[in-house]
Amino acid sequence: MCIRDRVRMRVRVRVKVREMMVGSAEVASGAGFPDARSACGEMVFDWAGIKTRRDAYVKRLNGVYEAGWGKLGADVQHGFASLIKTDGVPSVSIKHPDGSESTVTADHVVVAVGGEPAIPDVPGAELGISSDGFFDLETQPKKCAVFGAGYIAVEMAGILNALGTETQLFCRGAKVLRNEMVFDTDIVDSLMKEMERHGPPVRPGSDAAELVKEQDGTITITMKDGSQHQGYDCVLWAIGRHPVTSGLGLEDCGAKLTRGFVHVDQFENVLDPEGSPVQGLHALGDCTTTGWELTPVAIAAGRRLADRLFADEPRARMVYEFIPTVIFSHPPIGTIGYTEAAAKKEFGEDSIQVKKATFGSLLYGFNEPDHKVMTTLKLVLQGPEERVVGLHMIGPSSDEMLQGFSVAVKMGATRRDFESVCAIHPTSSEEMVTFGGWGQKGGKPWLPPQLD
């Protein structure tokens, strides 16, 4: 096992603190504590303290992982690794930090190098930081511009906004998460409304042309349309990621790459330009063409690859269909399966029905309408049996709700199966089993399958 320089654990920080109209302070104000919002506004976030604790936590994790590898008998070598061909089989050449070099041979070589944030090619781009650099900030920014439209941009902007930084989210398109084949339109529209009400504000149609550092140390951003935005002490690029496969020698070993992504088959075998597996070479995670840039997906793929290579289970592989995903926006989003648009493209528009609802949960029942965080739930149903091929939600606790529902979706549950379960009241998730038309199909009772 070769690790570049040292083990680096990237820990995604989830911040549950909400200010103003979001979170516990708003709930408290509706429950009879009218001073809660003002009290919350006076709270000061200890940025230096949480950074110190976060760094210590990551350092401890590094040690735990290295100790675990040692107990398993793994030989961990630090350095920069690249692939070479030895007798037609890929081997690994390692350049160590002390300048020495070594070569490791094995029957199987796995490439799992992940990806890194992309930085735009515009003058002054170096004045900004990436999502990785976010964790190196020693002090909390007073005013931050976040560029991007994907889930990392949404999460980073949400965290900074919730902690009190004046934050704007700039994106080139009309809205964030705009790929309707990946992010369901109804869910994204709900997120845009919540961001408009509670922040951070979104600045659509924005494409940076230049960054300039002023005499007072702040950054001025000039857009391609000529408009300027001033006074930032932090600019965060979250415009995408790319695999760190350059210089690894993959092509020399026969691998096919597209924009740096390694082509693999369903068993994580690296493919050559003709589509045939390269002997002894495998790849998984963010650097591959599988399309899932999520840590749990890479872990699961690695476990299944080990089952196939070393546990005599030739069928073992990662199943990439119906993978649950959470976006830690404010409020969070949970999704699994097809979006409505993707389902109609896959199965035909006539075979797709949807059930959806938007409401303010009883958590905010005593609050004024504009002091509520809304929830949107949606089922995408396919065929006469109304199999659940997509389940999407946004609202408080959507991240926690999704895991259980994902088991049902993965098992092929239908609307009839969902509605056979008694609702738990008062919860937001009860709407998933009590949508309008509950227990009915074609104007007649649709009994639970247990009564068949």
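Oh and the sequence shown: position 366 is 365 in numbering that gives the first Met the number 0, straight run, nothing missing. Where is the CB? At the ideal position from N, CA and C, for every residue including glycine.
Below 8 Å CB to CB, which residues in the same chain sit around residue i once its five sequence neighbours on both sides are set aside?
| i | result |
| --- | --- |
| V121 | A207, A208, E209 and L210 |
| L293 | I322 and T324 |
| G290 | Y319 |
| S405 | F321, P323, I335 and L390 |
Do you know how far the Cα of residue j is from the Cα of residue i?
| i | j | result |
| --- | --- | --- |
| I238 | W437 | 42 Å |
| G114 | L446 | 49 Å |
| S81 | F260 | 16 Å |
| Y337 | G389 | 5 Å |
| Q227 | R171 | 15 Å |
| R314 | D264 | 13 Å |
| I186 | M373 | 11 Å |
| L362 | K255 | 52 Å |
| A173 | S419 | 40 Å |
| Q439 | S328 | 35 Å |
| I326 | P395 | 12 Å |
| D106 | G279 | 6 Å |
| T166 | Q229 | 12 Å |
| H95 | P295 | 29 Å |
| A124 | G157 | 22 Å |
| G87 | A66 | 34 Å |
Ordered along the chain, which non-local residues of its own chain (more than five positions away) have a Cβ less than 6 Å from that of residue i?
| i | result |
| --- | --- |
| M317 | A299, A300 and R303 |
| V12 | Note that V12 has pLDDT 34, beneath the 50 cutoff, so the model's placement of it is unreliable and no number is given. |
| S129 | P116 and W236 |
| V109 | H281 |
Leaving out five residues before and five after residue i in sequence, what residues of the same chain have Cβ atoms less than 7 Å from its Cβ?
| i | result |
| --- | --- |
| A422 | E429, V432 and T433 |
| D451 | none |
| E384 | T413 |
Does the beta-carbon distance from residue i to residue j come in below 8 Å?
| i | j | result |
| --- | --- | --- |
| P448 | R415 | yes |
| L380 | V408 | no |
| G163 | F44 | yes |
| L176 | A148 | yes |
| M180 | A340 | yes |
| D232 | P140 | yes |
| F182 | A144 | no |
| L283 | A305 | no |
| M222 | S245 | no |
Would you kindly report the start and end of the unbroken beta strand (DSSP E) that includes residue i?
| i | result |
| --- | --- |
| N268 | N268 to L270 |
| F417 | Unbroken run through F417 is the alpha helix (DSSP H), R414 to E418; no beta strand (DSSP E). |
| G336 | I332 to G336 |
| E115 | G114 to P116 |
| K344 | K344 -> not in any beta strand (DSSP E); alpha helix (DSSP H) instead, spanning E339 to F346. |
| T219 | I218 to M222 |
With respect to the alpha helix (DSSP H) encompassing residue i, which residues constitute its N-terminal and C-terminal limits?
| i | result |
| --- | --- |
| P276 | Unbroken run through P276 is the beta strand (DSSP E), P276 to A282; no alpha helix (DSSP H). |
| G359 | Segment I351 to G359 is the beta strand (DSSP E) holding G359; no alpha helix (DSSP H) there. |
| M400 | S397 to K409 |
What beta strand (DSSP E) runs, 3 residues minimum, are completely inside the region 124-206? 142-146 and 165-169
In chain order, which continuous runs of the alpha helix (DSSP H) of length 4 or greater are located wholly inside the region 44-83? Those alpha helix (DSSP H) runs which fall completely within the region 44-83 and span 4+ residues are 46-70.
Restricting to runs no shorter than 3 residues, where is the beta strand (DSSP E) found entirely within the region 232-256? 233-236 and 240-242
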